[in-house]
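Chemist: The opening residue of the sequence shown carries number 1 in the UniProt record's numbering; numbering runs sequentially from there. Note that beta-carbon positions come from the ideal geometry of N, C-alpha and C, so glycine has one too.
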Amino acid sequence: MNTLTKLNQWLQAGLITPDQYAAISAFEAENQPRSNGWLYSFMILGAVIIGLGVISLIAANWANITDSTKLGIDFSLLFVLAVGVFWQYPNRRHGVWFEVLLVGFMLLCLASIGLISQIFHLGGQWYHALLFWATITLLLSLFARSLFTRFFWVTLLLQGLVWSLVDFTIPDIWQHWKALPAVLLLAPLLSATLYYATFPVKTLRGFSTSLYFWFQITAMIALAAIDIARSGGEMTEYQIAWFVPAYIAAGLLALGILSHRHYRWLNKLLLLSALGLLLLYFHPDWLFSGQSRYSLFGSQAHPTVGFWQADDIRAPLLTLAILFLYALHSGNSGRQHTFNLVTFVIGLRFVILYFQAMGGLAATGVGLIVSGSLIIGMTWLWYKSRERLRAWTTGLQA
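1) Got a sec, what are the start and stop residues for the alpha helix (DSSP H) A254 sits in?
2) Could I get the ranges of all uninterrupted beta strand (DSSP E) runs contained in the stretch 172-243, with 3 residues as the minimum, in chain order?
3) Alpha carbons only, please: which of F143, V85 and L278 is nearest the one belonging to I226?
4) With a CB to CB cut of under 6 Å and the five nearest residues on each side skipped, what residues in its chain are close to D252?
5) How would you call F297, buried or exposed, if buried means at least 16 neighbouring beta carbons within 10 angstroms?
6) Let me know if Q20 comes out buried or exposed under the rule of 16 or more other beta-carbons within 10 Å of its beta-carbon.
7) Taking the alpha carbon of L272 as the point to measure from, which residue in W380, L255, F288 and P171 has its own alpha carbon closest?
8) Could you give the distance in angstroms between the alpha-carbon of Y195 and the alpha-carbon of R205?
9) Answer yes if the stretch 123-131 comes into contact with the stretch 157-166, meaning at least three C-beta pairs across the two stretches below 8 Å, and no otherwise.
10) Which runs of the alpha helix (DSSP H), 4 residues or longer, sit entirely within the stretch 106-145?
11) If you check the beta carbons only, do C109 and T135 fall under 8 Å apart?
12) Let me make sure I understand the geometry here. Which of L101, V183, S164 and T319 has the alpha-carbon closest to that of R349?
13) Excluding the 5 residues flanking I16 on each side, which residues of the same chain have their C-beta closer than 8 Å to its C-beta?
14) Taking the alpha-carbon positions, what's the F152 to W214 distance?
15) Could you check where the alpha helix (DSSP H) with S90 kicks off and where it finishes?
16) Since R230 contacts D311 with CB under 8 Å, what's their CB separation in whole angstroms?
17) What residue does the alpha helix (DSSP H) around F288 start on, and which one ends it?
18) My output table needs one value for L15: the three-state DSSP class, helix, strand or coil.
19) Buried or exposed: where does T149 fall if 16 or more other Cβ atoms within 10 Å of its Cβ makes it buried?
20) Can you tell me where the alpha helix (DSSP H) with I322 in it begins and where it stops?
21) Please determine, among I217, L223, Y89 and P245, the residue with the shortest C-alpha to C-alpha distance to A321.
22) When you compare the CB positions of A250 and L341, do they come within less than 8 Å of one another, or not?
23) Between the C-alpha atoms of F339 and L325, what's the straight-line distance to the nearest angstrom?
24) Quick check on H283: buried or exposed, where buried means 16 or more other Cβ atoms within 10 Å of its Cβ?
25) Could you pull out every residue in the same chain whose Cβ sits closer than 7 Å to the Cβ of M1, ignoring the five residues on either side in sequence?
26) Would you kindly check if the distance between the Cβ of I221 and the Cβ of L180 is under 8 Å?
27) Would you mind giving the Cβ-Cβ distance between A182 and A274, rounded to the nearest angstrom? I have them listed as a contact below 8 Å.
See below:
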């Protein structure tokens, strides 16, 4: 709902006068930032295509070009782009060219790292290069006005930082794919930690939106991955040492939650509880054995395993508990879109749990009718109750 729509509603409801309506409309029209998203996209796309063309020409004649020529061309392009960025700096508030040249310069910095590494035969992994690139371009990214530029920088920073930290505890991680859960756990914890770290420093707050986005995406991926692995009896052979970076990030995240000035004690308690359950979820053997499974109507129920001891029952219940805690926090914090998303995921997990437990029954005609009716009923119930639930969570007392 845009500003003009709200103003019309307020005017019709008698909350503002026509004079106030005109004054607010004039102010918003004068201070409204220009919506140049499509222009940024096509300009940056054109710059990327030109860059690919240059790379293709160079690659076709790579063996015939001397190292000094390669470096000379590279630094000349860097100099030209740097001059262009400096020239467009006064227009950065609404200037499209400033953002295009800035992104081009940052991309060329990354390409220069690869070129220098190739010419001088330097060692290191690709994520080390990303981390170094993010370090040297941090000050440049602070001048960006476009969300795309900041999102681009944050994305590559998180990639380099996550894989570099995991590399300390898991050498040659590419040959140990069982260690992937350590990466999946570290990614959301690190994103959330950096998200809270941006609040005390005003110049870093421009990165908070991108960090929050990646926190939610990586958290959902991590939760889905561990749910599938635990329900299937996987992840029985891995070492606790692989998760040391994640545990350090979790400790820093807990400090960030406790020190957040705008959180009430209920929000802090909900987030810390969800964090504790997530760490328990990923722990090697505290809760999950990897051998016990239970099926209500299937043929693979273990005769010595009770309903509450089975991994494929504990896993979804733990997933639902984590989602429920985070949904309460989102609703209590006024994050309506996040609350709607999380409550929808909760309903979806309930449906999947139903099919897990009633797999044999759901395969029959009557079972399909019951299953379809259940999905429709839960969807309608969620749609009709989401605002009431959000209002309840918002009204929880501190």
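Modeler: On the basis of the data shown:
1) Locating residue 254 in the sequence shown gives position 254, where the first residue counts as 1. Taken as a continuous stretch (DSSP letters only), the alpha helix (DSSP H) holding A254 covers V244 to L258.
2) Listed in chain order, nothing qualifies, since the stretch 172-243 has no complete beta strand (DSSP E) run of 3 or more residues.
3) Within the sequence shown, numbered from 1, the residue matching residue 226 stands at position 226. Of the listed residues, the one whose Cα sits closest to I226 is L278.
4) Walking along the sequence shown from the start, residue 252 turns up at place 252. Note on residue identity: the sequence assigns Leu, not Asp, to residue 252. These residues qualify, in order along the chain: T193.
5) As a working note, residue 297 is residue 297 in the sequence shown. Here F297 scores only 41 on pLDDT, less than 50, and its place in the model is too uncertain to base an answer on.
6) Against the sequence shown, residue 20 aligns to sequence position 20. When all chains shown are included, Q20 counts as exposed.
7) Sequence index remark: in the sequence shown, residue 272 carries index 272 (1-based). Of the candidates W380, L255, F288 and P171, the one whose C-alpha sits nearest the C-alpha of L272 is L255.
8) Looking up residue 195 in the sequence shown gives position 195. Looking up residue 205 in the sequence shown gives position 205. C-alpha of Y195 to C-alpha of R205: approximately 9 Å in a straight line.
9) Between the stretch 157-166 and the stretch 123-131 there are three or more inter-stretch CB-CB distances shorter than 8 Å, so the stretches are counted as touching.
10) Counting whole runs of 4 or more residues, the stretch 106-145 contains the alpha helix (DSSP H) stretches 126-136 and 138-142.
11) Translated into positions along the sequence shown, residue 109 becomes position 109. Translated into positions along the sequence shown, residue 135 becomes position 135. No, Cβ-Cβ distance for C109 and T135 is not below 8 Å.
12) In the sequence shown, the residue the question calls residue 349 occupies position 349. Ranking the options by Cα distance to R349, first place goes to T319.
13) The residue you call residue 16 lines up with position 16 of the sequence shown. Counting only Cβ-Cβ distances below 8 Å, and skipping sequence neighbours, we find L7, W10 and I24.
14) Here residue 152 is taken as the residue at index 152 of the sequence shown, counted from 1. Here residue 214 is taken as the residue at index 214 of the sequence shown, counted from 1. About 12 Å.
15) Mapped onto the sequence shown, residue 90 falls at position 90. For the record, residue 90 in the displayed sequence is Pro; it is not Ser. According to the DSSP assignment, P90 belongs to no alpha helix (DSSP H), since it is labelled neither H nor E.
16) The residue you call residue 230 lines up with position 230 of the sequence shown. The residue you call residue 311 lines up with position 311 of the sequence shown. At roughly 6 Å, the Cβ-Cβ gap stays under 8 Å, so R230 and D311 are in contact.
17) Taking the first residue of the sequence shown as 1, we reach residue 288 at position 288. Under the DSSP assignment, F288 falls outside any alpha helix (DSSP H); it carries neither an H nor an E label.
18) Position 15 of the sequence shown, counted from the start, is the residue given in the question as residue 15. If DSSP states are grouped into helix, strand and coil, L15 belongs with coil.
19) Stepping through the sequence shown from its first residue, residue 149 is reached at position 149. It is buried - the Cβ of T149 has at least 16 other Cβ atoms within 10 Å.
20) Along the sequence shown, one-based indexing puts residue 322 at 322. Note, I322: alpha helix (DSSP H), D311 to S333.
21) As a first step, residue 321 is located in the sequence shown; it is residue number 321 there, counting from the start. Check the Cα spacing between A321 and each of I217, L223, Y89 and P245: the tightest is with L223.
22) Position 250 of the sequence shown, counting from 1, holds the residue named residue 250. Position 341 of the sequence shown, counting from 1, holds the residue named residue 341. Cβ atoms of A250 and L341: not closer than 8 Å.
23) Translated into positions along the sequence shown, residue 339 becomes position 339. Translated into positions along the sequence shown, residue 325 becomes position 325. C-alpha separation (whole angstroms): 11 Å.
24) Numbered from 1 along the sequence shown, position 283 holds the residue referred to as residue 283. Looking at its Cβ environment, which holds fewer than 16 other Cβ atoms inside 10 Å, H283 is exposed.
25) Locating residue 1 in the sequence shown gives position 1, where the first residue counts as 1. Confidence in M1 is poor, its pLDDT being 45 and thus under 50, which makes the residue's placement unreliable; the coordinate value appears in the next sentence. Correct list: empty, nothing qualifies.
26) On the sequence shown, position 180 is the one that residue 180 refers to. On the sequence shown, position 221 is the one that residue 221 refers to. Taking 8 Å as the cut-off, the Cβ atoms of L180 and I221 do not count as close.
27) Taking the first residue of the sequence shown as position 1, residue 182 is located at position 182. Taking the first residue of the sequence shown as position 1, residue 274 is located at position 274. The distance from the Cβ of A182 to that of A274 is about 19 Å, inconsistent with a contact at the 8 Å cut-off.
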